[in-house]
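Undergrad: Have a look at this one.
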Amino acid sequence: MPGQLVTDAERRRLGGSPDRVSHDDLVTFDTLTRSDRAVVNPCADDAGRLGCALQRGTLRYLGSCPDDLGAAPAEVVQFLADQLKVPPEGLSAYGRRAQTRTDHYLAVQDHLGYRKAGPEVRERLARWLLDRALEHDRPLLLWQLACEKLAADKVVRPGVTVRERMVVAARRGAERETMRRLAAVLDGPGRALLGRPLTLDGATDRAPLTWLRQGEVATTPPAILSTLERRATLSGWGVDRWDLRALHPNRLKFLARLGQRSTTQALQRAPAERRYPILVAFLRQALEETTDEILDLVDRCLARASARAERKLEESRLANARTTDEAVRLFGQIGRIVLDPTAADRQVRAAIYRQVTPEVLREAVERTENPSRRGDDHQFDFLADRYNYLRQFTPQFLAAVAFRSNRAGAPVLEAVATLRDLNARRQREVPPDAPVQFVPARWRPHVIGRDGAIDRPYDELCVPWELR
1 MPGQLVTDAE RRRLGGSPDR VSHDDLVTFD TLTRSDRAVV NPCADDAGRL GCALQRGTLR
61 YLGSCPDDLG AAPAEVVQFL ADQLKVPPEG LSAYGRRAQT RTDHYLAVQD HLGYRKAGPE
121 VRERLARWLL DRALEHDRPL LLWQLACEKL AADKVVRPGV TVRERMVVAA RRGAERETMR
181 RLAAVLDGPG RALLGRPLTL DGATDRAPLT WLRQGEVATT PPAILSTLER RATLSGWGVD
241 RWDLRALHPN RLKFLARLGQ RSTTQALQRA PAERRYPILV AFLRQALEET TDEILDLVDR
301 CLARASARAE RKLEESRLAN ARTTDEAVRL FGQIGRIVLD PTAADRQVRA AIYRQVTPEV
361 LREAVERTEN PSRRGDDHQF DFLADRYNYL RQFTPQFLAA VAFRSNRAGA PVLEAVATLR
421 DLNARRQREV PPDAPVQFVP ARWRPHVIGR DGAIDRPYDE LCVPWELR
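With the first letter of the sequence shown counted as 1, position 52 gets the number 52 in the working numbering; the numbers rise by one all the way through.
Structure follows, in structure tokens:
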């Protein structure tokens, strides 16, 4: 049948008795209380009492009563027969008069507080199921939720086919309701815009949808710029301004997954009420994931630059140590010559040059006067070497991403705004009143000179480091 959720074999299983029932469930659902016996005992004979008790337990356990009571698990029949002190074989004689079984079933429903699923009850269930379908699209989950709702409300479960149709109707209704809730996004311009991701680009010979699905593998400035371009495209389409609060987050995730998996051709062929919500959810998720990807790439790129600077610092320290060792060795050689009492003063220079050539001595003096680096406890000298490398993306990154803080007037956000303004106006000098309260103590000697001037490269390096 159209919209079929279960196979014919599953339908027969769902509409009948279970193969077996656990002991715990037997005790929970089939133990007869005094009030239960008040309904069961007045039945005319042993078969009637056993059949009535079985209908009572089955209604509690399944939410309805299968047509073939004779197919009930043997352990259930035996458990009830033992309580009633009647032979279990007597069940075969039950229900020979159809009205008897019907009367018992109605009495059991009344006793347990169950009611039939009439038109009004079904309408309420349909509305409830529609709300669930807007949260969860999986049909078998909706089926289970519907059964649990019927049990909680003490409504006799309608037949399998009826419940199946209700789930199908709820899923279709969820598609229509999704379109209705997206009406503000899917106005005239919105619908036209949603055609762009599926339109083949003549330059690349692919649809933007394919490009938007691709993440970056490398952690390089070009990769970051490419990701920023994807985000700029989505922002240019107004995706960041869409108000999707009317849709449940689970619905958005479900639709976005469909957009991630579906081919461009499949989406082009899909009906509008299915295609547009999928594209809306996918593009919003793509915007969020692209933003996360940008932050991750930038963070990893900065971490790599920091690690490189650390290695360079260590290499510099080793080089300085070698320079010091060489200088000490030369000092020892020269000192022994100068202190030699047999050497005449006029011969000291010549004696030194015989052991240490002027070129070697000059080079050693230059190295001690101008060490390769300061060799202090920070790598910032070497981090500055990566300034031009990092600046390939830092202006675009700071301009594209809106940062927020729980603290009003956070100094680092003020510094971001200052750099954005400087980059926009192509101004190199940092104004003297630029915010520096965010600069940590270890950065201050580099960012702020002895004359109080702010060093632009170090300031521009410090800002993303503190944003991390």
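Beta carbons: idealized from backbone N, C-alpha and C, even for Gly.
1) Do three or more CB pairs link the segment 448-455 to the segment 429-439 at distances below 8 Å?
2) Assign P189 to one of two classes, buried (16 or more other C-beta atoms within 10 Å of its C-beta) or exposed (fewer than that).
3) With A399 and R231 assumed to form a contact (beta carbons below 8 Å), what rounded beta-carbon distance in angstroms separates them?
4) Restricting to Cα atoms, I'd like to know which of P139, Q99 and L209 is closest to A266.
5) Suppose contacts are defined by Cβ-Cβ distances below 7 Å. Is A170 in contact with L129 by that definition?
6) Which residue wins for smallest C-alpha separation from R49, given the options L383, D103, H23 and R346?
7) Tell me whether H23 is buried or exposed, calling it buried when 16 or more other Cβ atoms sit within 10 Å of its Cβ.
8) Would you identify the three-state DSSP class for D201, choosing helix, strand or coil?
9) Answer yes or no: do G57 and Y94 have a C-beta to C-beta separation smaller than 7 Å?
10) Here's the rule I'm using: 16 or more other beta-carbon atoms within 10 Å means buried, otherwise exposed. How should E293 be labelled?
11) Judging by CA-CA distance, which residue of R180, L182, D459 and F382 is the nearest neighbour of R308?
12) Pick from Y387, E460 and A133: whose alpha carbon is nearest that of P249?
13) Measure the beta-carbon distance from V108 to R115 and round it to whole angstroms, keeping in mind my assumption that it falls under 8 Å.
14) Considering only residues of the same chain and omitting the five flanking positions on each side of V77, which have a CB-CB separation below 8 Å?
15) How many angstroms separate the CA atom of A81 from the CA atom of L26?
16) Terminal residues of the continuous alpha helix (DSSP H) containing K116?
17) Give a yes or no on whether the C-beta atoms belonging to Q260 and L198 are separated by under 7 Å.
18) Give the single residue among R127, R97 and T291 whose Cα lies nearest to the Cα of I224.
19) Might you give, ordered along the chain, the residues of its own chain that have their beta carbon closer than 8 Å to the beta carbon of L14, omitting 5 neighbours on each side?
20) For V217, does the three-state DSSP call read helix, strand or coil?
21) Write down every uninterrupted run of the beta strand (DSSP E) in the segment 333-417 whose length is 3 residues or greater and which is fully enclosed by it, in chain order.
22) Using the beta-carbon count (16 or more within 10 Å), is R101 buried or exposed?
23) How big is the Cα-Cα spacing for E10 and V280?
24) Give every residue of the same chain whose Cβ lies closer than 6 Å to the Cβ of A327, excluding the five residues on either side of it in the sequence, and list them in chain order.
25) Tell me the residue span of the alpha helix (DSSP H) that contains C65.
26) Thinking C-alpha only, which one of G202, D201, R245 and Q144 is nearest V185?
27) Tell me where the alpha helix (DSSP H) around Q427 begins and ends.
28) Put V155 into one of helix, strand or coil per three-state DSSP.
29) Would DSSP call R245 helix, strand or coil?
30) Going by alpha carbons, who is nearest to R20 out of R12, P158, T31 and A71?
31) Between which two residues does the alpha helix (DSSP H) harbouring S35 extend?
32) Among the candidates M166, A424 and P119, whose CA atom is the shortest distance from the CA of L505?
33) Please confirm whether S64 has its beta-carbon closer than 7 Å to some beta-carbon of chain C.
34) May I ask which residues mark the beginning and end of the alpha helix (DSSP H) holding Y458?
35) Put R304 into one of helix, strand or coil per three-state DSSP.
TA: So, from the listed chains and residues:
1) yes
2) exposed
3) Between R231 and A399 the Cβ distance is about 11 Å, and since that is not below 8 Å, they are no contact.
4) L209
5) yes
6) D103
7) exposed
8) strand
9) no
10) buried
11) F382
12) A133
13) 12 Å between Cβ atoms; not a contact.
14) L50, L54, P88 and L91
15) 13 Å
16) Taken as a continuous stretch (DSSP letters only), K116 belongs to no alpha helix (DSSP H), as it is neither H nor E.
17) no
18) T291
19) V6 and V160
20) coil
21) none
22) buried
23) 36 Å
24) A364 and T368
25) Unbroken run through C65: none, as it is neither H nor E.
26) R245
27) Here Q427 belongs to no alpha helix (DSSP H), and DSSP marks it neither H nor E.
28) strand
29) coil
30) A71
31) R34 to V40
32) One cannot answer for residue 505 here, as it falls past the ends of the chain, which runs 1 to 468.
33) Any reference to chain C falls outside this structure, which holds one protein chain only.
34) R456 to L467
35) helix
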